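Enquirer:
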Amino acid sequence: MSESKFSTHTNIVTDSNSSYSRSRDSLSDSDSNSVSIVNSYTDSIKTTSEKKLSLSNDCTKEELVVCLQERDSLKIDELIQSAYRIKAESIGKKVYLRGVIEISNICTKNCYYCGIRQLNSSIERFELTDDQVIEAAKIAWESGYGSIILKAGERSSKRYQNKVSRLIKAIKEISGGMLGITLSLGEQPKEIYQEWFNAGAHRYILRIESSNPDLYAKIHPKNHHHSWDRRVQSLMELKEIGFMTGSGVMIGMPYQTISDLADDLLFMKNIGIHMVGMGPYLKHPDTPMGKLITENQTLDLSLKMVALLRHMMPKINIAATTSMQLIDPFGRERAVLAGANIIMPNITPSVIKSKNHYLEKLPQVKDDASESKTKLENSLARMGIEIGWNEWGDSKAFTQGG
Ligand code: SF4
19 MSESKFSTHT NIVTDSNSSY SRSRDSLSDS DSNSVSIVNS YTDSIKTTSE KKLSLSNDCT
79 KEELVVCLQE RDSLKIDELI QSAYRIKAES IGKKVYLRGV IEISNICTKN CYYCGIRQLN
139 SSIERFELTD DQVIEAAKIA WESGYGSIIL KAGERSSKRY QNKVSRLIKA IKEISGGMLG
199 ITLSLGEQPK EIYQEWFNAG AHRYILRIES SNPDLYAKIH PKNHHHSWDR RVQSLMELKE
259 IGFMTGSGVM IGMPYQTISD LADDLLFMKN IGIHMVGMGP YLKHPDTPMG KLITENQTLD
319 LSLKMVALLR HMMPKINIAA TTSMQLIDPF GRERAVLAGA NIIMPNITPS VIKSKNHYLE
379 KLPQVKDDAS ESKTKLENSL ARMGIEIGWN EWGDSKAFTQ GG
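Just so you know, the numbering used here puts 307 at position 289 of the sequence shown, and the rest follows in order with no gaps.
Below, the structure written as C-alpha cells:
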C-alpha cells in the first residue's frame, strides 16, 4: 500500500522507530531489543482548532485524517455526540449483548502481538469440554443474553472442526433455536465455514487487524500461514456463504500511522462489513511486540475511530471492545456513547479464565455471567441506555442492507 501524503505528518511511530523500521523489516521470535516507540498522536500532532471538523457524506480520507488528528476536546465531543445521534436515528439506542465463551486458547499461529500464540510457552493451555461450553451457553441464555460468541485460537483439525459443528447444534437445541451464535475461530476452509453456517451459526468475526498489507506483514511471521490476502479472501467467503460478517483492527500499535487508521475505516466501508470491533492495542509482555515500548493512551483515538465509523456506516453493529474496558473501567460505556451498540461480556467459566492469558486475570473481566450482567445493567441504566435482553440485535446493515 502506498504511503499517503498524510503519513509524513501523522505517523504514530517516531523517528527513533523509523530508523528501526529502516533497519528491520519486521519482528521475529528471536527479537529481544527494547525499542522506544512513542505515540506521536499525543506528542507531535499540532492542534487543528483553526479548522472546522466536518465530514461529507462520503467521508474522504483527508477528512478522516483531520478528525483523527483533532485534539480540541469541544470538537471531539461534538463528533462523538453526533455519532450517538446517528446511531439513535439509524438503529436505535439499545445495546445488545454477546456472551463470549472462550472454548480454547490453543492456536497454531504465531501473531507477534498475541498472548496465546503457539510459541508462548508461559501460559497453560485449555480446551473446554462440550459440557462446559453448553453449560456456559445455557447460563447465557437463561441470563437473557440474546447471543453468544464461540471464540478460540485458530485450529483446523477435523476433530476440532467436528466439535464446533456439534457444539453449534447442541446450543441451538438447548435454546430452541433462539440463542444467536457468532463464531470467532479464525481462517478455515470455505467448506468448513459452510458446515458451521448450516449447523446454525449466523455471524462470524475475523479481524483483519490492519487494512495495510505492509503493516500486517510487520506484525505477523512471514509465511503462507499468516497471509493478509488469505484473510481478506476468508472475509469474502464468509459474506458469500451468508454469514453476517465482522472484522476489526488494533489501534495504536507499533508502526501504525494515522493514515493507516483512516484507511482501516475506508476498508470496512469498501468491503461492506456488517459488524466491527476496534480497540486499543494492548501489549502482551510474552510476545515479540510486547517488548516494544509503546504508549497505551489510545482510548481517545479508539473512541474517535468508533464515532467516525458510525458516521460512515450508520446501520452496522459496532462493538465496545474489552480492550477499551481494560484501559478505562468505563471504556465500554464511553464507546457506547460514541456510537457502539454491542457489548461482549466474557462469560467463560471463571475456573478457566484464570488459566487464560494475562488480560483475563485483570479484575474488570474476572466476573462471571451474573456479576457481569448486574454490573453492566446498572452502569448502562445510569446512562439511560437500555439493554436488548433476549434479542439478537442483528446488524441492520445486514438485515436491511446499506
Ligand atoms: S491473534 Fe488469533 S490467530 Fe494470531 S496467535 Fe492469536 S489467537 Fe492465534
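For glycine and all other residues, C-beta sits at the position ideal for the given N, C-alpha and C. Source: prediction; values computed, not measured.
Would Lys236 count as contacting chain D if we go by Cβ distances under 8 Å?
Expert: The structure shown contains no chain D; it holds only a single protein chain.
Enquirer: My understanding is that Pro298 touches Gly117, with C-beta atoms under 8 Å, so please give their C-beta distance in whole angstroms.
Expert: Within the sequence shown, residue 298 is the residue found at index 280, counting from 1. Within the sequence shown, residue 117 is the residue found at index 99, counting from 1. Their Cβ separation, rounded to whole angstroms, is 22 Å, which puts Pro298 and Gly117 out of contact at 8 Å.
Enquirer: Using CA atoms only, rank isn't needed, just tell me which of Arg400, Pro303 and Ser320 is closest to Ile141.
Expert: One-based indexing of the sequence shown puts residue 141 at position 123. Of the listed residues, the one whose Cα sits closest to Ile141 is Pro303.
Enquirer: Can you tell which of Leu197, Lys240, Ile186 and Leu398 has the C-alpha that lies nearest to the C-alpha of Asn216?
Expert: Numbered from its first residue, the sequence shown carries residue 216 at position 198. The candidate whose alpha carbon is nearest that of Asn216 is Ile186.
Enquirer: Is Asn128 near ligand 1 - that is, is its Cβ less than 7 Å away from at least one heavy atom of it?
Expert: Residue 128 sits at position 110 when you count from the first residue of the sequence shown. Checking every heavy atom of ligand 1 against the Cβ of Asn128, one is found closer than 7 Å.
Enquirer: Helix, strand or coil for Ile189? Go by DSSP, reduced to three states.
Expert: In the sequence shown, the residue the question calls residue 189 occupies position 171. Here Ile189 sits in helix by DSSP.
Enquirer: Mind the definition here: the region 136-151 touches the region 85-99 only if three or more C-beta pairs lie below 8 Å; say whether that holds.
Expert: Touching, no, given that fewer than three Cβ pairs across the two stretches are closer than 8 Å.
Enquirer: When the distance is taken between beta carbons, is Leu256 closer than 8 Å to Lys284?
Expert: In the sequence shown, counting from the first residue as 1, residue 284 sits at position 266. In the sequence shown, counting from the first residue as 1, residue 256 sits at position 238. As written in the sequence, residue 284 is Leu, which differs from the Lys given in the question. No, they are not a contact pair.
Enquirer: Consult DSSP for Arg352 and reduce its assignment to one of helix, strand or coil.
Expert: As a position in the sequence shown, residue 352 is number 334, starting the count at 1. Helix, per DSSP.
Enquirer: Quick one: residues in its chain with C-beta nearer than 8 Å to the C-beta of Gln418, no 5 flanking neighbours on either side, listed in chain order?
Expert: Working through the sequence shown from its first residue, we reach residue 418 at position 400. Around Gln418: Lys333.
Enquirer: Give the DSSP bridge partners of Met268, in chain order.
Expert: If you number the sequence shown from 1, residue 268 lands on position 250. Met268 pairs with Gly297.
Enquirer: Report the rounded CA-to-CA distance for Glu107 versus Met262, giving the unit in angstroms.
Expert: Locating residue 107 in the sequence shown gives position 89, counting from the first residue. Locating residue 262 in the sequence shown gives position 244, counting from the first residue. Their Cα atoms are separated by approximately 22 Å.
Enquirer: Threshold first: 3 residues or longer. Then list the beta strand (DSSP E) segments lying entirely within the region 216-293, N to C.
Expert: List check, beta strand (DSSP E) in window: 221-223 and 262-265.
Enquirer: Is the Cβ-Cβ distance between His338 and Ile365 less than 8 Å?
Expert: Here residue 338 refers to the residue found at position 320 of the sequence shown. Here residue 365 refers to the residue found at position 347 of the sequence shown. Correcting the residue type first, residue 338 is Ala in the shown sequence and not His. Cβ atoms of Ala338 and Ile365: not closer than 8 Å.
Enquirer: If you draw a straight line from the C-alpha of Ser228 to the C-alpha of Gly295, how long is it?
Expert: The residue given as residue 228 occupies position 210 in the sequence shown. The residue given as residue 295 occupies position 277 in the sequence shown. If you take the alpha carbons of Ser228 and Gly295, they lie about 12 Å apart.
Enquirer: Distance, Cα to Cα, Ile403 vs Tyr178?
Expert: The residue given as residue 403 occupies position 385 in the sequence shown. The residue given as residue 178 occupies position 160 in the sequence shown. Each residue's alpha carbon lies about 39 Å from the other.
Enquirer: Please say whether Ile166 and Leu203 have beta carbons closer to each other than 8 Å?
Expert: Reading the sequence shown from its first residue, position 185 is the one you call residue 203. Reading the sequence shown from its first residue, position 148 is the one you call residue 166. In this structure, Ile166 does not lie closer than 8 Å to Leu203 by Cβ.
Enquirer: On the three-state DSSP scale, how would you describe Ala337?
Expert: Your numbering for residue 337 matches position 319 in the sequence shown. Of the three classes helix, strand and coil, the one that applies to Ala337 here is strand, per DSSP.
Enquirer: Counting along the chain, where does the alpha helix (DSSP H) carrying Ala358 start and finish?
Expert: Counted from its first residue, the sequence shown places residue 358 at position 340. No alpha helix (DSSP H) holds Ala358; DSSP gives it neither H nor E.
Enquirer: Closest to Arg221 by CA distance: which of Ser175, Glu258 and Ser122 is it?
Expert: Against the sequence shown, residue 221 aligns to sequence position 203. Minimum Cα distance to Arg221 is reached at Glu258.
Enquirer: Which word fits Thr316, buried or exposed, when buried means at least 16 other C-beta atoms lie within 10 angstroms of its C-beta?
Expert: Within the sequence shown, numbered from 1, the residue matching residue 316 stands at position 298. The residue is buried, with at least 16 neighbouring Cβ atoms inside 10 Å.
Enquirer: Among the residues of its own chain, which have a CB less than 6 Å from the CB of Lys421, if the five just before and after it don't count?
Expert: What is shown of the chain runs 19 to 420, which leaves residue 421 out entirely.
Enquirer: Does the beta-carbon distance from Leu97 to Ala353 come in below 8 Å?
Expert: For the purposes of this step, residue 97 is taken as residue 79 along the sequence shown, with counting starting at 1. For the purposes of this step, residue 353 is taken as residue 335 along the sequence shown, with counting starting at 1. No, the Cβ-Cβ distance between Leu97 and Ala353 is not below 8 Å.
Enquirer: Measure the C-alpha to C-alpha separation of Val53 and Arg143 and round it to an integer number of angstroms.
Expert: The residue you call residue 53 lines up with position 35 of the sequence shown. The residue you call residue 143 lines up with position 125 of the sequence shown. Residue confidence for Val53 is low, a pLDDT of 31 falling below 50, so the modelled location carries little weight and cannot support an answer.
Enquirer: Let me make sure I understand the geometry here. Which of Ser413, Lys414 and Asn408 has the alpha-carbon closest to that of Gly194?
Expert: Here residue 194 is taken as the residue at index 176 of the sequence shown, counted from 1. The shortest C-alpha separation from Gly194 is found at Asn408.
Enquirer: Say the cut is 7 Å; is the CB of Ile109 nearer than that to a heavy atom of ligand 1?
Expert: Translated into positions along the sequence shown, residue 109 becomes position 91. Ile109: no, Cβ never under 7 Å from ligand 1.
Enquirer: Over what stretch of residues does the alpha helix (DSSP H) that includes Thr417 continue unbroken?
Expert: Locating residue 417 in the sequence shown gives position 399, counting from the first residue. Element bounds for Thr417: Lys414 to Thr417.
Enquirer: Going along the chain, which residues of its own chain have a beta-carbon closer than 6 Å to the beta-carbon of Lys208, five neighbours each way excluded?
Expert: For the purposes of this step, residue 208 is taken as the residue at position 190 of the sequence shown. Excluding sequence neighbours, Lys208 sits near Glu255.
Enquirer: Which of the three DSSP states, helix, strand or coil, is assigned to Leu203?
Expert: Counting from 1 along the sequence shown, the entry for residue 203 is found at position 185. Three-state result, Leu203: coil.
Enquirer: Kindly give me the distance between the Cβ atoms of Glu213 and Lys169, rounded to whole angstroms, as I take these residues to be in contact under 8 Å.
Expert: Working through the sequence shown from its first residue, we reach residue 213 at position 195. Working through the sequence shown from its first residue, we reach residue 169 at position 151. With a Cβ gap of about 18 Å, Glu213 and Lys169 do not count as contacting.
Enquirer: Taking the DSSP output, what are the residues bridged to Glu145?
Expert: Against the sequence shown, residue 145 aligns to sequence position 127. DSSP, once it has assigned bridges, lists Ser122 as partnering Glu145.
Enquirer: Taking 8 Å as the limit between beta carbons, can you name the residues of its chain near Ile104, skipping five residues before and five after?
Expert: Counting from one through the sequence shown, the residue named residue 104 turns up at place 86. Correct list, in chain order: Arg328, His329, Pro332 and Gly357.
Enquirer: Below 8 Å between beta carbons: does that hold for Lys112 and Ile336?
Expert: Within the sequence shown, residue 112 is the residue found at index 94, counting from 1. Within the sequence shown, residue 336 is the residue found at index 318, counting from 1. Cβ atoms of Lys112 and Ile336: not closer than 8 Å.
Enquirer: Can we count Ile134 as close to ligand 1, meaning its CB is less than 7 Å from some heavy atom?
Expert: Counting from one through the sequence shown, the residue named residue 134 turns up at place 116. Yes, Cβ of Ile134 sits closer than 7 Å to a heavy atom of ligand 1.
Enquirer: Give me the Cβ distance between Gly218 and Lys181, rounded to the nearest whole Å; I'm assuming they're in contact under 8 Å.
Expert: One-based indexing of the sequence shown puts residue 218 at position 200. One-based indexing of the sequence shown puts residue 181 at position 163. Rounded, the Cβ-Cβ distance is 15 Å, inconsistent with contact.
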